[in-house]
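Participant: Quick note on full-length UniProt numbering: the sequence shown kicks off at 1 and runs consecutively.
Here a beta-carbon is modelled for each residue, glycine too, at the ideal position from N, C-alpha and C.
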Amino acid sequence: MILTPPTRRRPAMPGPHATGGGRPSPDGRGEAGQGARPGAGGRALPSARATRRGLLALGVAALAAACARGPAFVEEIDDVAYVPVDPAKAARLLNDYRATSGAGPLTVDPDLVRVAADYARKLAEAGQFTHDLEPWGGLEKRLHAAGYAYATAGENLGLGYRTIEQTIAGWKKSPPHDRGMKDPDMTVMGIASVPSPTKRGQIYWCLIVAKPRGAGAVAGTGPFAPPSGPVIWGARLPSFR
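#1: For Pro182 versus Arg114, is the C-beta spacing smaller than 7 Å?
#2: Can you tell me the Cα-Cα spacing of Ser196 and Gly127, whole angstroms?
#3: Going by the CB atoms, is the gap between Val188 and Thr107 shorter than 7 Å?
#4: Is Val209 helix, strand or coil by DSSP?
#5: For Pro195, list the residues DSSP reports as bridge partners.
#6: Would you report the Cα separation of Gly180 and Thr198, rounded to the nearest angstrom?
#7: Is DSSP giving Met189 helix, strand or coil here?
#8: Could you say which of Glu140, Tyr148, Glu165, Asp118 lies nearest to Ala91 if we only look at CA atoms?
#9: Do you know how far the Cα of Phe129 is from the Cα of Pro135?
#10: Would Pro87 and Ile191 be called neighbours here (beta carbons separated by less than 7 Å)?
#11: Of all the options Ala151, Glu140, Trp205, Leu94, which has the alpha carbon lying nearest to the alpha carbon of Ala117?
#12: According to the neighbour-count rule (16 or more other Cβ atoms, all chains shown, within 10 Å of its Cβ), is Lys211 buried or exposed?
#13: Classify Ala146: buried if its beta carbon has 16 or more other beta carbons within 10 angstroms, exposed otherwise.
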């Protein structure tokens with residue numbers, strides 16, 4: 001079962017990527033012939049409906065202007081803004097944590113970053129959460145398809161957190177994911193986060209750790225038991241020494 005953190009939605013900030021944000025809309029009840037009404041001094045005063053229409057037009061114009069000059073849309077849920085993960089920052093956080101157990105540091109591998117980003121995007125587009133999304137299959141199949149030779153590899157998936165700090169904290173609470181992050185056999189990593197294109201607040205995370213090896217490595221898959229909470233599933237491929 002997938003559990004996600006409680007969310008509190010705020011109106012979307014104007015910007016080119018805003019989705020689901022509130023925007024003013026006409027009341028739809030205007031009548032033809034509603035014009036100006038006479039006022040003091042013989043000057044015509046706008047009717048209440050005309051005033052509402054004028055304010056509406058100003059609101060739309062202001063929104064359009066803000067969109068033209070404003071920053072890219074940033075979604076805020078529970079007062080924490082989602083920002084795409086920086087692999088270098090993630091590596092620093094993971095390496096600090098690995099050092100507490102005596103494990104060596106991980107180096108960011110651009111090839112693994114691409115594999116992780118591709119799979120996180122596929123999960124987000126499919127709206128599914130699994131290590132074996134068809135037709136791309138599990139980690140073993142995806143690494144082989146990318147031409148990545150490894151001695152062993154593992155994968156953590158996450159759903160529902162906004163930041164890398166939150167995601168790592170969630171993985172720490174799950175023994176299988178925690179072991180994967182601290183696995184002393186692993187020497188390289190790739191990580192990515194992708195928001196769902198259709199579900200507000202759904203962020204898909206994919207962390208791949210590995211120990212590279214020359215061509216010809218073969219491995220099988222073995223998923224960990226899913227923990228409770230918003231971050232689920234971990235997979236570890238057998239080691240080949």
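Facilitator: Result, derived from the coordinates:
#1: Reading off the sequence, residue 182 comes out as Lys, not Pro. For Lys182 and Arg114, no; Cβs fall outside 7 Å.
#2: 7 Å
#3: yes
#4: In this structure, Val209 counts as strand in the three-state DSSP scheme.
#5: Ile203
#6: Straight-line Cα distance between these residues: approximately 30 Å.
#7: Looking at Met189 - three-state DSSP - the assignment turns out to be strand.
#8: Glu165
#9: Taking C-alpha positions only, Pro135 is separated from Phe129 by approximately 14 Å.
#10: yes
#11: Of the candidates Ala151, Glu140, Trp205, Leu94, the residue whose Cα lies closest to the Cα of Ala117 is Trp205.
#12: buried
#13: exposed
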